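Asker: Counting with the UniProt record's numbering, you get residues 1 to 465 for the letters of the sequence shown. Glycine is no exception: its CB is placed at the ideal position from the N, C-alpha and C atoms. The structure displayed is predicted, hence computed values, not measured ones.
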Amino acid sequence: MPEDNNNNYGIASFECGRGNTMHIDFPNVIEADAHMNIGVALMPFMEDGFHFIKEENISSSKKAEGLNEVETGFVKYLYKIRKANRDNKKLEYKTFSGPNRLYIRERIYIAGKIFPVMSISYSGEDIDCSTSKIKTKSVSGTELKLMFEGLFEEDKAFSNEYISIDNDNIRLYLPQNTEIGIDYKNLLIDFLTNGTKTETAATHGEFPDLETYTLATGETELKDGCWLNKNRDANDDTWKNACMYILEHKLQGVLAPFAQIADFYTLLDDKITNDTKHKTRWLKGAKKLVSSLKILDGIAGTGITNDVETILNELNIGICDYAITQFHELFYGKYKDNPLEKRQDAYEWDLAFVQHEQGVVAVPIYNKTDKLTIEKYQDMADQDAKGSHGLGSWFMDKTPLSVLPEFDDPWKGEVTDKQFRIDLPMLMLWLDRHKPTGKNFEDKIDENGYLLEHYKKIIENYEAK
């Protein structure tokens with residue numbers, strides 16, 4: 001609702017890039033917040049005039065971690081485009097029916113990936129969303145500046161290529177492709193055109209509400225491997241059964257936000273501890289680490305830059321997808337009736353897991369990441385707080401869930417050193433059993449290969465139990 005004042009006027013917020021807002025009084029004749037980016041005036045397809053558009057049905061749940069509440073209406077609109085494509089019908093335009101135009105959105109989970117930024121513009125027309133009408137077009141850097149430039153040069157986060165639907169009746173602005181190799185454009189096109197690449201991610205996993213689920217699947221009742229945000233909040237049987245279905249059928253790409261994966265790991269750890277004889281510990285460390293990163297889900301101002309977030313997101317998704325295949329073996333595969341109940345067997349399983357996680361899954365992500373981003377990530381791991389990224393890590397580490405020792409002191413560890421990335425978590429999991437072999441530990445071990453007592457005391461503060 002617009003703010004009331006003594007003159008019976010309302011206030012409209014005009015967005016001029018992220019963090020730059022001017023308020024203008026106007027007669028209080030509409031009963032919804034009005035948002036308009038100044039760049040709209042320069043877009044030729046907006047000649048039909050400005051429309052005040054509000055976000056749809058933003059969840060009021062205080063526990064909606066893992067769901068970017070601000071973007072719920074935006075994600076739902078993308079599903080509406082996808083449904084119109086599937087049904088071969090036009091997407092009907094209705095006032096107040098879509099997300100705010102040219103508003104910079106961050107951390108959008110769609111098509112099995114986290115999109116660092118996205119934005120949209122559209123005309124007041126019914127829109128043909130058939131596959132032949134979904135194309136790729138380009139804008140100049142100057143146009144991007146006019147639309148998105150702000151205090152932090154937000155325009156540079158956007159690609160010059162955008163998705164055009166029905167001759168620019170809808171424009172979807174996408175993030176720059178990263179050196180990691182995420183092809184945001186073709187992923188989203190596959191999603192919007194009901195392609196096979198994103199089918200599992202689009203139709204399984206978590207949905208903010210039943211309406212969005214129905215848009216995605218055409219069903220009115222939740223099928224296996226699906227749940228609503230409220231089910232995960234309540235930790236109810238729908239959520240639990242869906243997680244086990246994902247594990248049993250090894251569905252990948254359906255979990256991504258940190259909070260979702262943290263809750264998934266917590267559920268599996270509870271089942272490992274209470275329902276099986278397995279003595280593995282990997283989940284105990286993983287759930288704490290990923291839980292500490294939940295602050296990145298759906299909010300800005302975390303002190304961690306988008307390029308570093310992209311590394312964290314890709315590592316999180318890649319490791320979770322690998323974990324699904326491995327824990328399938330504990331619950332449904334070769335170890336179901338042959339549990340890892342001996343400590344040495346459990347240690348060796350955890351070690352093999354971490355070696356693959358950090359030596360195979362993570363390596364391509366680090367190798368494809370540019371030097372500047374790696375430097376930021378190193379500052380974060382060192383918890384130096386000398387830049388905004390380091391400050392973000394410092395904040396996370398000072399929360400009650402202190403989960404990782406500093407990489408630099410006393411270890412002199414580097415984020416690109418895979419052996420260090422293996423030894424450190426293994427010490428946190430199995431301090432009494434793991435013998436580190438990395439160069440950083442050569443002067444920190446006794447004659448039997450175990451960590452010296454002085455260094456053990458540091459690790460003890462972070463042991464996963």
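Does the beta-carbon distance from residue 222 to residue 238 come in below 8 Å?
Answerer: Cβ distance < 8 Å, so residue 222 and residue 238 count as in contact.
Asker: Have a look at residue 203 and residue 110 and give me their C-alpha separation to the nearest angstrom.
Answerer: Rounded to the nearest angstrom, the two C-alpha atoms are 11 Å apart.
Asker: Is residue 175 near residue 115, with beta carbons less than 8 Å apart?
Answerer: It is a contact, given that the beta carbons lie within the stated cut-off.
Asker: Taking residue 329 and residue 322 to be in contact with their CB atoms under 8 Å, please state how far apart those CB atoms are, rounded to whole angstroms.
Answerer: Wrong, their Cβ atoms sit about 12 Å apart, outside the cutoff.
Asker: Roughly how many whole angstroms lie between the Cα atoms of residue 212 and residue 79?
Answerer: Each residue's alpha carbon lies about 7 Å from the other.
Asker: Between 277, 315, 381, 368, which lies nearest to residue 337 when the distance is taken from Cα to Cα?
Answerer: Closest option to residue 337, Cα to Cα, is 277.
Asker: Do residue 101 and residue 122 have their beta-carbon atoms positioned less than 8 Å apart in this structure?
Answerer: The answer is yes: Cβ separation under 8 Å.
Asker: If residue 426 and residue 354 are in contact, beta carbons under 8 Å, what's the gap, nearest whole angstrom?
Answerer: Yes, residue 426 and residue 354 are in contact; Cβ-Cβ is about 6 Å, under 8 Å.
Asker: Quick one: using the 10 Å Cβ neighbour count with 16 as the cut-off for buried, is residue 454 buried or exposed?
Answerer: Residue 454 comes out exposed.
Asker: Pick out the complete alpha helix (DSSP H) segments inside the region 196 to 260, 4 residues or longer, and give them in chain order.
Answerer: You should have 199 to 203, 210 to 217, 229 to 234, 237 to 249.
Asker: Which whole runs of the beta strand (DSSP E) in the region 99 to 166 are 3 residues long or more, in chain order?
Answerer: With a minimum length of 3 residues, the continuous beta strand (DSSP E) runs that stay inside the region 99 to 166 are 105 to 110, 113 to 122, 134 to 138, 158 to 165.
Asker: Tell me the rounded alpha-carbon separation between residue 243 and residue 183.
Answerer: One C-alpha to the other measures close to 28 Å.
Asker: Please return the same chain residues whose Cβ sits closer than 7 Å to the Cβ of residue 467, not counting the five positions on each side in sequence.
Answerer: Shown here, the chain extends from 1 to 465; a query on residue 467 therefore has no answer.
Asker: What number of angstroms, rounded off, separates the C-alpha of residue 246 from the C-alpha of residue 311?
Answerer: So the two alpha carbons sit approximately 24 Å from each other.
Asker: Provide the residue(s) that pair with residue 451 in DSSP beta bridges, ordered along the chain.
Answerer: Paired residues: 445.
Asker: Pick out whichever of 381, 464, 318, 133 has its Cα sitting closest to the Cα of residue 169.
Answerer: Nearest C-alpha to residue 169: 133.
Asker: How many angstroms separate the CA atom of residue 160 from the CA atom of residue 118?
Answerer: Roughly 12 Å separates the two Cα atoms.
Asker: Can you name the residues that DSSP bridges to residue 91?
Answerer: Bridge partners of residue 91: 127.
Asker: Please state whether DSSP places residue 404 in a helix, a strand or coil.
Answerer: Residue 404 falls in the coil class under three-state DSSP.
Asker: Let me make sure I understand the geometry here. Which of 286, 87, 436 has the alpha-carbon closest to that of residue 269?
Answerer: Comparing Cα positions, the closest option is 286.
Asker: Quick check on the DSSP output: what are the complete alpha helix (DSSP H) runs of length 4 or more inside the region 261 to 322, in order along the chain?
Answerer: Runs found: 282 to 292.
Asker: Could you tell me which of 284, 271, 308 sits nearest to residue 332, measuring between CA atoms?
Answerer: The shortest Cα separation from residue 332 among 284, 271, 308 belongs to 271.
Asker: Note down, in chain order, each residue of its chain lying with its Cβ closer than 7 Å to the Cβ of residue 227, except the 5 sequence neighbours on either side.
Answerer: Closer than 7 Å at Cβ, skipping near neighbours: 206, 238, 239, 242.
Asker: Residues in the same chain with beta-carbon distance under 6 Å from residue 475, minus the five sequence neighbours each way, listed in chain order, please.
Answerer: For the chain, the structure presents residues 1 to 465; residue 475 sits outside this window and is missing.
Asker: Could you give the distance in angstroms between the alpha-carbon of residue 158 and the alpha-carbon of residue 90?
Answerer: Roughly 28 Å separates the two Cα atoms.
Asker: Please report how far the alpha carbon of residue 462 lies from the alpha carbon of residue 253, in whole angstroms.
Answerer: Going by the C-alpha atoms only, they are around 30 Å apart.
Asker: Go ahead and pull the three-state DSSP assignment for residue 425.
Answerer: Helix, per DSSP.
Asker: How about residue 306: is its C-beta nearer than 8 Å to some C-beta of chain B?
Answerer: Looking for chain B here will not work: only one protein chain is present.
Asker: From 94, 190, 290, 147, pick the residue whose C-alpha is nearest to that of residue 113; which is it?
Answerer: Nearest of 94, 190, 290, 147 to residue 113, Cα basis: 190.
Asker: I'd like to know whether the C-beta atoms of residue 413 and residue 435 end up nearer to each other than 8 Å.
Answerer: No.
Asker: Beta-carbon within less than 6 Å of residue 359's beta-carbon, same chain only, minus the 5 sequence neighbours each way: which residues are those?
Answerer: So the list reads 418, once near-sequence residues are dropped.
Asker: When DSSP builds the beta bridges, which residues end up paired with residue 173?
Answerer: In DSSP, residue 173 forms a bridge with 119, 162.
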